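**Student:** In this note's numbering, the protein residues as written are 12 to 487. Attaching a single structure in structure tokens format; questions to follow.
Spelled out as structure tokens, the structure:
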């Protein structure tokens, strides 16, 4: 059965189109590494047999002809899967460093909006008898959680796989509609989007008010005031915050999920607290390495938060908000840093800033679509609202297979730009945390150095946690 998909873009989805420019391509991506050689025709056949399950991948973006509403999704009458799946000839042997460079160059280019906004790049001859696949999909189509839902459709949990589902008759839009009907559709579409966002704003405000005014919320109000500066004031400019060129440099790391849980078990909190401790300490060391002060300075992370409900799993598009997590740079003790991270993440949840920013986003969405488009085109703040993006997406913890080839690793990619010269996406798969660092070559040409610092900090966290656990055992 073909899932129900909205035909007209929401304001949030459209914003990723309006904000895109050469210096800031707005696709999310991943680089997957497989065991064994994967043939091009084999990959085309495998994806082609399943792509009808996600009909959005057969649709392209069509601007509103009267510029009254956001663009619509229309089925591409000239769809050819071979216009989306490509081979990269990288020579007889592709090392890990070669693959990182190939992925960086591939992710530096904008996608063609005349066709559905997704692309796959197959790389052969990866060292160790492996293959790789670089996947790009525009952020207007999916967010991190819905991207994981797509994995469940394309991948199998056994090497043998399962038979592809039967292909239904997909609806097609009449290319020769009456102009009056098209005009009315634009007007009604704009009105519907406005009503949806107005209802969303009312519901969000009511939910926030009820949360704050209950007895527990009133008790926490004095503490919640400390969260406001992170939401309304500019952060300090760090060495990787600067003008962006659009050229991407990547670095990858992987850490044991079990070891991250062990660190969490000793220090308390969550695995996400471990991740933010790791990143904030790495930023502090990087800043000091570049001869910049850390005293009385912070790093502000933009942490996306999914607002997707259980009954919305499998739905494409973006259902996200974000919270600003601000961590002091001048903390020398890892336990104290972890405790501050944990305190700040708990505080942000209590402040319900994710819902609050969702309300602000809904208010922005009440602006007419043409105004939103113009604002996106001219958006260029004198300072970035955050220092870097840090997104952590949970994935399946069992091995997956594509056309019989085992998925060995998957490194995620998050878009950056507008002064954010560094981003970090984390994807957990098969008991491993895969870190994808993305930097802009102009704003941060030495992302590989940051990766080295990141690896060292994780080793320090492991040593600290092991020593703390041993000390506790000795006392007991």
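Note that beta-carbon positions come from the ideal geometry of N, C-alpha and C, so glycine has one too. As the structure is a prediction and not an experimental result, all values here were calculated from the model.
Does the stretch 432–444 come within contact of the stretch 399–419, defined as at least 3 CB pairs closer than 8 Å?
**Tutor:** Verdict: yes, contact present.
**Student:** Please report the straight-line C-alpha distance between residue 470 and residue 420, rounded to a whole angstrom.
**Tutor:** When rounded, the distance between both Cα atoms is 21 Å.
**Student:** Roughly how many whole angstroms lie between the Cα atoms of residue 62 and residue 51?
**Tutor:** So the alpha carbons of these two residues sit roughly 16 Å apart.
**Student:** Note down the Cα distance separating residue 477 from residue 268, rounded to an integer number of angstroms.
**Tutor:** The straight-line gap from Cα to Cα measures roughly 15 Å.
**Student:** Starting from residue 405, follow its DSSP beta bridges and name the residues at the other end.
**Tutor:** Paired residues: 439.
**Student:** I'd like the span of the beta strand (DSSP E) that includes residue 166, first residue to last.
**Tutor:** Careful: residue 166 lies outside any beta strand (DSSP E) and carries neither H nor E.
**Student:** Assign residue 408 to buried or exposed, taking buried as 16 or more other Cβ atoms, counted over all protein chains shown, within 10 Å of its Cβ.
**Tutor:** With fewer than 16 Cβ atoms within 10 Å of its Cβ, residue 408 is classed as exposed.
**Student:** By DSSP's criteria, residue 70 is part of a beta bridge. Which residues make up the other side?
**Tutor:** Bridge partners of residue 70: 86.
**Student:** Please list, in chain order, all residues of the same chain as residue 444 whose beta carbon is under 7 Å from its beta carbon, the five residues on each side excluded.
**Tutor:** Result list for residue 444: 265, 266, 268, 271, 437, in chain order.
**Student:** Measure the alpha-carbon distance for residue 464 versus residue 423 and round it to whole angstroms.
**Tutor:** One C-alpha to the other measures close to 19 Å.
**Student:** Taking residue 136 as part of the beta strand (DSSP E), name the residues at either end of that continuous run.
**Tutor:** Taken as a continuous stretch (DSSP letters only), the beta strand (DSSP E) holding residue 136 covers 129–137.
**Student:** If we call anything under 7 Å between Cβ atoms a contact, is residue 287 one with residue 352?
**Tutor:** Result yes, Cβ atoms of residue 287 and residue 352 sit closer than 7 Å.
**Student:** Please give me, in chain order, every unbroken run of the alpha helix (DSSP H) with length at least 4 that falls completely inside the stretch 258–285.
**Tutor:** As far as the stretch 258–285 is concerned, its whole alpha helix (DSSP H) runs of at least 4 residues are 268–278.
**Student:** Quick one: Cα of residue 440 to Cα of residue 162, how far?
**Tutor:** Those two C-alpha atoms are separated by around 11 Å.
**Student:** List the endpoints of the continuous alpha helix (DSSP H) containing residue 27.
**Tutor:** 22–29 is the extent of the alpha helix (DSSP H) around residue 27.
**Student:** Can you have a look at residue 70 and say buried or exposed, based on whether 16 or more other CB atoms are within 10 angstroms of its CB?
**Tutor:** Buried: at least 16 other Cβ atoms inside 10 Å.
**Student:** Confirm the yes/no value for this check: CB of residue 315, any heavy atom of the ligand MG, distance under 6 Å.
**Tutor:** Inclusion of the ligand MG in the displayed structure is not the case, the ligand content being empty and no account of it being possible.
**Student:** Who are residue 46's beta bridge partners in DSSP?
**Tutor:** For residue 46, which the question treats as bridged, DSSP gives the partners 141.
**Student:** Go ahead and pull the three-state DSSP assignment for residue 305.
**Tutor:** Residue state, collapsed to three classes: coil.
**Student:** Check the DSSP bridge columns for residue 252 and list the partner residues they point to.
**Tutor:** Beta-bridge pairing links residue 252 to 431.
**Student:** Along the beta strand (DSSP E) that carries residue 416, what are the first and last residues, could you check?
**Tutor:** Counting along the chain, the beta strand (DSSP E) containing residue 416 begins and ends at 416–424.
**Student:** Tell me whether residue 178 sits in a helix, a strand or coil according to DSSP, three-state version.
**Tutor:** In this structure, residue 178 counts as coil in the three-state DSSP scheme.
**Student:** Does DSSP classify residue 96 as helix, strand or coil?
**Tutor:** Here residue 96 sits in strand by DSSP.
**Student:** Going by Cα to Cα distance, which pick from 109, 277, 300, 273 is closest to residue 346?
**Tutor:** Minimum Cα distance to residue 346 is reached at 277.
**Student:** So what's residue 454 in DSSP terms, helix, strand or just coil?
**Tutor:** Coil at residue 454, not helix or strand.
**Student:** Output needed for residue 301: all residues of its chain with C-beta closer than 7 Å, excluding positions within five of it in sequence on either side, in chain order.
**Tutor:** If we look at residue 301 and ignore the five residues flanking it on each side, its Cβ neighbours are 250.
**Student:** Taking residue 73 as the reference, which of 92, 115, 119, 127 has the closest Cα?
**Tutor:** Nearest of 92, 115, 119, 127 to residue 73, Cα basis: 127.
**Student:** Here's the rule: buried if 16 or more other CB atoms are within 10 angstroms of the residue's CB, otherwise exposed. What is residue 168?
**Tutor:** That one is exposed.
**Student:** Going by beta-carbon coordinates alone, are residue 83 and residue 18 separated by less than 7 Å?
**Tutor:** In this structure, residue 18 lies closer than 7 Å to residue 83 by Cβ.
**Student:** Relative to the C-alpha of residue 118, which residue among 107, 39, 65 is closest?
**Tutor:** Taking only the C-alpha atoms, the option nearest residue 118 is 39.
**Student:** Can you tell me where the alpha helix (DSSP H) holding residue 52 begins and where it ends?
**Tutor:** Residues 51–59.
**Student:** CA-CA distance, residue 25 and residue 449?
**Tutor:** Answer to the nearest angstrom: the Cα atoms are 23 Å apart.
**Student:** Touching or not, the stretch 410–418 and the stretch 29–36, by the rule of three or more beta carbon pairs under 8 Å?
**Tutor:** Contact fails: fewer than three Cβ-Cβ distances are below 8 Å.
**Student:** Roughly how many whole angstroms lie between the Cα atoms of residue 460 and residue 261?
**Tutor:** In a straight line, the C-alpha of residue 460 is about 11 Å away from that of residue 261.
**Student:** Among 282, 354, 143, whose alpha-carbon lies nearest the alpha-carbon of residue 442?
**Tutor:** Ranking the options by Cα distance to residue 442, first place goes to 282.
**Student:** Rounding to the nearest angstrom, what Cα-Cα distance links residue 149 and residue 102 in this structure?
**Tutor:** Spanning the two alpha carbons is a distance of roughly 29 Å.
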